[in-house]
Amino acid sequence: MQIVVTELPYQVNKAGLIEKIAAHVKNKRLDGITEIRDESDRRGMHIVMELRNGAQGMVILNNLYKLTEMQKSFSANMMALVNGRPELLTLRAALQNYVDFRREVVRRRTEFELRKAKARAHILEGLRSRWRTWTRSFS
């Protein structure tokens, strides 16, 4: 059985993580891992941990989360301008404000392009009218 790691949390060093796991295996704090291989290449990260026969994968994985930086949390101060005033936002509120902002940007851009197209249509209508008048004068 294997545990394969293809992603790491933000700012976690792969080499440091592998060394830390190896140290825990050597100190017998992580029992059940027989081999750690770094098979990463240009296509992506790939760390393989071979487990001992009969080892419980979920128990080992939970211990990895507890003893290493494979699971990491960090806080973020999500201060943003909402209607011109600074406000501390929750993740949900930040995402909602971002979606609202993008909708407004798309609406304004579409209205601008529509006004531009209408102005161009007005010019083209004038040119068409002038063309008709000009071609009638030669008939």
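Residue numbering for the sequence shown follows the UniProt record's numbering, starting at 1 and increasing by one per position. Beta carbons: idealized from backbone N, C-alpha and C, even for Gly. Small disclaimer: the values here were computed from a predicted structure and weren't measured.
- According to the DSSP assignment, residue 96 belongs to the alpha helix (DSSP H) that extends over 91-137.
- Beta-bridge pairing by DSSP links residue 31 to no other residue.
- Here residue 79 is near residue 88, since their CB atoms are less than 7 Å apart.
- In this structure, the CA atom of residue 124 is about 45 Å from the CA atom of residue 94.
- A straight line joining the alpha-carbon of residue 8 with that of residue 72 spans about 9 Å.
- Annotated three-state conformation of residue 5 is strand, per DSSP.
- Residue 34 is not a Cβ neighbour of residue 19, given a cutoff of 7 Å.
- Cβ-Cβ distances below 6 Å link residue 47 to 5, 38 in the same chain, with the five nearest sequence neighbours on each side left out; the list follows chain order.
- The three-state reading of DSSP puts residue 59 in helix, counting H, G and I together.
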